[in-house]
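**Student:**
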Amino acid sequence: MTPALQVAGLSVRYGATLALDGVALEVRSGEVVALVGANGAGKSSLLNALLGLVPHADAGLQLHGRRLDALATRQRIEAGLALSPEGRRVFPELNVEENLDLGDLGRDLALRAAQREGVYRWFPRLRERRLQRAGTLSGGEQQMLAIGRALMARPRVLMLDEPTLGLAPLVVQEIAAFVRHVCATGVSVLLAEQNAEMALGAADRAYVLQNGQVVMHGPAAEVAAHPDVRAAYLGL
Amino acid sequence: MSRTLRDVLLGVAAAALLAAALTSTYLLDVAAYAGVLAVFVLAVSVTFGQLGYVSFGHAAFLGLGAYTVGVLVTRYGWNYWACLPLGLLPGLLLGGLIGVVSARLSGAYFAIATLVVAEILVLLVMNWVDVTRGPMGLMVNAAPLPLPDWLGWNAQQGYLFVVGASLAVVFVLLRNLRDSATGRAWTAIREAPALAESLGVASARSRVLNVALSGAVASFAGGLLIPKVFVLSPSLLGVGYSATGILGVILGGKATLVGPMLGGMLFAVIPEWLRFLGDLNFAAFAVLLLVVVRVLPGGLVGWLAARPALARRLAARSARDWPAPAPVAPRTPRQATVLELAGASRHFKGLKAVQDVSFAVRAGEIVGLIGPNGAGKTTLLSMLSGFLPPSAGSIRGFGRDIAHQAPHRVARLGVVRSFQQTALCAGQTVAMNMAIASHMHRPAGLAGALLRTRAWRERERERMAHALGCLAEVGLLARRDELAANLPYGEQKLLGVAMALAAGPDVLLLDEPAAGLNHVEATRLAGVLSGLRDKGFTLVVVDHNLKMLMALVDRVVVLHHGVKIADGTPQAVARMPAVVDAYLGGAHAQQQDAAEVPA
Chain W
5 MTPALQVAGL SVRYGATLAL DGVALEVRSG EVVALVGANG AGKSSLLNAL LGLVPHADAG
65 LQLHGRRLDA LATRQRIEAG LALSPEGRRV FPELNVEENL DLGDLGRDLA LRAAQREGVY
125 RWFPRLRERR LQRAGTLSGG EQQMLAIGRA LMARPRVLML DEPTLGLAPL VVQEIAAFVR
185 HVCATGVSVL LAEQNAEMAL GAADRAYVLQ NGQVVMHGPA AEVAAHPDVR AAYLGL
Chain H
24 MSRTLRDVLL GVAAAALLAA ALTSTYLLDV AAYAGVLAVF VLAVSVTFGQ LGYVSFGHAA
84 FLGLGAYTVG VLVTRYGWNY WACLPLGLLP GLLLGGLIGV VSARLSGAYF AIATLVVAEI
144 LVLLVMNWVD VTRGPMGLMV NAAPLPLPDW LGWNAQQGYL FVVGASLAVV FVLLRNLRDS
204 ATGRAWTAIR EAPALAESLG VASARSRVLN VALSGAVASF AGGLLIPKVF VLSPSLLGVG
264 YSATGILGVI LGGKATLVGP MLGGMLFAVI PEWLRFLGDL NFAAFAVLLL VVVRVLPGGL
324 VGWLAARPAL ARRLAARSAR DWPAPAPVAP RTPRQATVLE LAGASRHFKG LKAVQDVSFA
384 VRAGEIVGLI GPNGAGKTTL LSMLSGFLPP SAGSIRGFGR DIAHQAPHRV ARLGVVRSFQ
444 QTALCAGQTV AMNMAIASHM HRPAGLAGAL LRTRAWRERE RERMAHALGC LAEVGLLARR
504 DELAANLPYG EQKLLGVAMA LAAGPDVLLL DEPAAGLNHV EATRLAGVLS GLRDKGFTLV
564 VVDHNLKMLM ALVDRVVVLH HGVKIADGTP QAVARMPAVV DAYLGGAHAQ QQDAAEVPA
């Protein structure tokens, strides 16, 4: 079976610095894959490059067998890739519903409404705050909104960049539960997290990034049990 | 010889050489006009490029300076060259006035305010016929510069020499200012206004100073323009020159001083080059400008500086010999209780973000402030740092009422905050951010900065050593030459902590310093923070990383829906049922128990 997302060798350069150095990874259908690494290891660069926000050389990107390298960001999203960016970047002046609608590239209003309903089923709190300005939401609600907005594009691979950043422990548990459950609907998740404990707990498999290279990968439980990972990322 | 004196002398010598070398009347005329426009565009760049405020009315300063000098010469018969320096004053006063009046305006509103001022002055000049001769124009006969006979220069050569020498002086002084605390404060106001206030920059005052100085230079350029135009007309104050100023800055490169100087010169020179096109030359110039703005967003100098060869050389020069980092000096507590909240509340319309919260922070302790997202933690920090006045209740810092003080005053009192959403000058290097943050460390006078006196340079070195010491404290010293925007999120947060530290506080209020750090990095941060406590700093820390926080703090205050629901040692608070329900959740409580077994 073809994997949902396949990357043969992705390199990204910012001027003289090599942010990603031939990263290869794959995400299978309905799988949660965690990206673990220190600050500056290249996790965000990887997600941004996959979506085409950062220019990169031909990296052999395939989404369900379809080549992505030559596509612009919008076309990659249409192909089934979506990103919830780091730092809950919602549009503070727009309300919840308007923020969600921005995530939908299609023009079918009925489908859009149905999709919104789908997001509200995941995050009932967003339904309650439907007409509230996004800037007035709490941090946890803003994060849910950012994830919901990515879901509006009907992704086959959902990329989450630091979804638990600055969130209270209770909300972290909610987000982790969402990640565990959303993959049951056939959506694969690529999860970049500083909170390695949460990420490795929620993921099926994991990749460890260090200075722009994959230094380890395997089943999440094995990665979590590795002494180097325990020392470097889990602080055990 | 100091850099200031050397560069001024070089500039004056270049002006003399140019004046001696040119003999054609036409070339002398164009060169002098280019010099005057360069001075004017430099003036505009002080407000537009450095402070980041667009002014559509800088021609008002230009015209005011020209008319002031013109009236002194024609009505009172003063010598033109003696009046010329006086041309500074009207711009200085008007600039200060505009700065004060527009204190609450920003962005488009500031631009419109300056435009309105300029238009009012046009009407004034137009109608005050007794003095200005209104639309007929004021003819000003500037006597030639008194020159020794042996030089053999004509009047035009003397004029060009004065213009060139003035340009050199203006350029060097503005460069000195940009490289001083004053200029760095403008950068901070431009890139991150809230951050500037939090670091103790009196933004309102700093802005008035900026507009006043910019006005003074523009108005000086007006006086300098007289021998070139000969007849002063109200159109001098019109939008034409204001647009020239803005476009000159954009053409040359906003972020620099060489750029605006070059841009101003090109505004005199290019239309002359395009003369072969006949009447179309100004249209062609406009098209050229559009192309430049489209193709070179950083302006000519921005584009040049980005060329690899030049970029390497510039980088080599900027990696100058930094002073050795000075270790962060210990604090001696001034009082037993540093912060005191009594019944503090903050309401946003109907929402009660913080309700009736009271607690005190003792000198030398670390207080953790926790609670669910939206519980009012950041609101509370904003109230403690002067960013939000409380709706009710009192807040005292070091025994003084700080509830209704401006943030920079609270910072100067010794209470400095960091921000939850990273606030830094993204376009500047890490070292520059630290220099900006050390604004309050041994402040020096404006005169010293303008002339770069020996004492001033000494202080500047000391300030930089202090700033780098703070950077080293959080472990980011190796990153000093990188652009702040290029740091990963977690390091940006650490830089925020270092910047707050560089402001020289006794009390640090940190808003989620560990967000974006993994456990190991967070542990390192915890080490830094407890090191600061040992040096006598007092800390109030908001964070969701409880593993780090609970091990670090002496005391925890828990907020829920704006109400304080717990206050006590970490161990006691973690067991309170109300805290577990509202914040920690079941899983965490188990984790907490499990973690405590080995201990």
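Line by line, the protein sequences give chains W and H. To convert a position in the first sequence, counted from 1, into my numbering, add 4. To convert a position in the second sequence, counted from 1, into my numbering, add 23. Ideal Cβ positions, reconstructed from N, Cα and C, are used throughout, including at glycine.
Any idea what DSSP makes of residue 143/H, helix, strand or coil?
**Tutor:** If DSSP states are grouped into helix, strand and coil, residue 143/H belongs with the helices.
**Student:** Hey, is residue 91/W's beta-carbon within less than 8 Å of any beta-carbon in chain H?
**Tutor:** So yes, residue 91/W belongs to the interface.
**Student:** Would the segment 140 to 154 of chain W and the segment 163 to 176 of chain W be scored as touching if the rule is three or more Cβ pairs under 8 Å?
**Tutor:** A contact exists between the segment 140 to 154 of chain W and the segment 163 to 176 of chain W.
**Student:** Please classify residue 355/H as buried or exposed, where buried requires at least 16 neighbouring CB atoms within 10 angstroms.
**Tutor:** Exposed is the call here.
**Student:** Please confirm if residue 143/W has its CB atom under 8 Å from at least one CB of chain H.
**Tutor:** It does; some Cβ of chain H falls within 8 Å.
**Student:** How big is the Cα-Cα spacing for residue 40/H and residue 536/H?
**Tutor:** Distance between the alpha carbons of residue 40/H and residue 536/H is about 58 Å.
**Student:** Note down the Cα distance separating residue 198/H from residue 527/H, rounded to an integer number of angstroms.
**Tutor:** Whole-angstrom Cα-Cα distance: 27 Å.
**Student:** Could you tell me which chain W residues have their CB closer than 9 Å to the CB of residue 399/H, listed as they occur along the chain?
**Tutor:** Simply none; closest approach about 10 Å.
**Student:** Measuring only between beta-carbons, confirm whether residue 171/W sits less than 8 Å from chain H.
**Tutor:** Yes, its Cβ sits closer than 8 Å to a Cβ of chain H.
**Student:** So, do the segment 38 to 56 of chain W and the segment 207 to 227 of chain W have three or more beta carbon pairs nearer to each other than 8 Å?
**Tutor:** Yes: at least three Cβ pairs fall under 8 Å.
**Student:** Can you tell which of 49/H, 144/H and 171/H has its C-alpha closest to the C-alpha of residue 91/H?
**Tutor:** When each option's Cα is compared against that of residue 91/H, the closest is 144/H.
**Student:** Along the beta strand (DSSP E) that carries residue 382/H, what are the first and last residues, could you check?
**Tutor:** 374 to 385 is the span of the beta strand (DSSP E), which, as asked, contains residue 382/H.
**Student:** Going along chain H in order, which residues have a C-beta closer than 9 Å to the C-beta of residue 238/W?
**Tutor:** Simply 541, 542 and 543.
**Student:** Between the C-alpha atoms of residue 519/H and residue 455/H, what's the straight-line distance to the nearest angstrom?
**Tutor:** One C-alpha to the other measures close to 13 Å.
**Student:** In three-state DSSP terms, what is residue 542/H?
**Tutor:** Three-state result, residue 542/H: helix.
**Student:** Under 8 Å between C-beta atoms, does residue 620/H make it to chain W?
**Tutor:** Residue placement at residue 620/H is flagged as unreliable, the pLDDT there being 38, under the threshold of 50; the coordinate-derived value follows with that caveat. For residue 620/H, the answer is no, since every Cβ of chain W falls outside 8 Å of its Cβ.
**Student:** Of the residues that make up the segment 34 to 45 of chain W, which ones have a beta carbon closer than 9 Å to any beta carbon in chain H?
**Tutor:** From the segment 34 to 45 of chain W, only 40, 41, 42, 43, 44 and 45 have a Cβ closer than 9 Å to chain H.
**Student:** For the segment 564 to 593 of chain H, list every residue whose C-beta sits within 7 Å of some C-beta in chain W, in sequence order.
**Tutor:** Those residues of the segment 564 to 593 of chain H that come within reach of chain W (Cβ to Cβ, closer than 7 Å) are 567 and 569.
**Student:** Give, in chain order, every residue of the segment 120 to 134 of chain W whose Cβ lies closer than 8 Å to some Cβ of chain H.
**Tutor:** So the list is empty, because no residue satisfies the distance condition.
**Student:** Since residue 608/H meets chain W, which of its residues come closer than 8 Å, beta carbon to beta carbon?
**Tutor:** Neighbours of residue 608/H on chain W, chain order: 173, 174 and 177.
**Student:** Measure the C-alpha to C-alpha separation of residue 63/W and residue 226/W and round it to an integer number of angstroms.
**Tutor:** Cα to Cα, the separation comes out at about 28 Å.
**Student:** Report buried or exposed for residue 49/H, applying the criterion of at least 16 other Cβ atoms within 10 angstroms of its Cβ.
**Tutor:** Exposed, by the Cβ-count rule.
**Student:** Taking the alpha carbon of residue 373/H as the point to measure from, which residue in 414/H, 123/H and 473/H has its own alpha carbon closest?
**Tutor:** When only C-alpha atoms are compared, the closest one is 414/H.
**Student:** Taking residue 182/W as the reference, give the member of 151/W, 160/W and 199/W with the closest Cα.
**Tutor:** Per the Cα distances, 151/W.
**Student:** Applying the 10 Å Cβ sphere with the 16-neighbour rule, what's the burial state of residue 479/H?
**Tutor:** By the neighbour-count rule (16 or more Cβ atoms within 10 Å), residue 479/H is buried.
**Student:** Based on Cα-Cα distance, which residue from 238/H, 77/H, 69/H and 597/H lies nearest to residue 132/H?
**Tutor:** Out of 238/H, 77/H, 69/H and 597/H, 77/H has the C-alpha closest to the C-alpha of residue 132/H.
**Student:** What first and last residue would you give for the beta strand (DSSP E) that runs through residue 217/W?
**Tutor:** Its beta strand (DSSP E) spans residues 217 to 223.
**Student:** Report the rounded CA-to-CA distance for residue 615/H versus residue 10/W, giving the unit in angstroms.
**Tutor:** Residue placement at residue 615/H is flagged as unreliable, the pLDDT there being 46, under the threshold of 50; the coordinate-derived value follows with that caveat. If I take the Cα positions, the gap works out to 39 Å.
**Student:** I need the DSSP call for residue 358/H, collapsed to helix, strand or coil.
**Tutor:** DSSP places residue 358/H in coil when its eight states are reduced to three.
**Student:** How is the alpha helix (DSSP H) around residue 110/W delimited, first residue to last?
**Tutor:** First-last for residue 110/W: undefined, no H or E at that position.
**Student:** What's the gap between the Cα of residue 190/W and the Cα of residue 124/W?
**Tutor:** Distance between the alpha carbons of residue 190/W and residue 124/W is about 18 Å.
**Student:** Is there a C-beta anywhere in chain H that falls below 8 Å from the one on residue 211/W?
**Tutor:** No, because no Cβ of chain H sits closer than 8 Å to the Cβ of residue 211/W.
**Student:** Please state the DSSP three-state secondary structure of residue 621/H.
**Tutor:** Because the pLDDT at residue 621/H is just 39, under 50, the model does not fix this residue reliably, and the value given afterwards should be weighed accordingly. Of the three classes helix, strand and coil, the one that applies to residue 621/H here is coil, per DSSP.
**Student:** For residue 22/W, which residues in the same chain have their Cβ closer than 8 Å to its Cβ, ignoring the five residues on either side in sequence?
**Tutor:** Closer than 8 Å at the Cβ level, and outside the excluded window around residue 22/W, lie 15, 16 and 216.
**Student:** When the Cα atoms are used, what is the spatial distance from residue 564/H to residue 383/H?
**Tutor:** Near 14 Å, if we compare the C-alpha coordinates of residue 383/H and residue 564/H.
**Student:** Kindly list the residues whose CB is nearer than 6 Å to the CB of residue 233/W, restricted to its own chain and excluding five residues on each side of it in sequence; keep chain order.
**Tutor:** Once the five neighbours on either side are set aside, the close Cβ partners of residue 233/W are 227.
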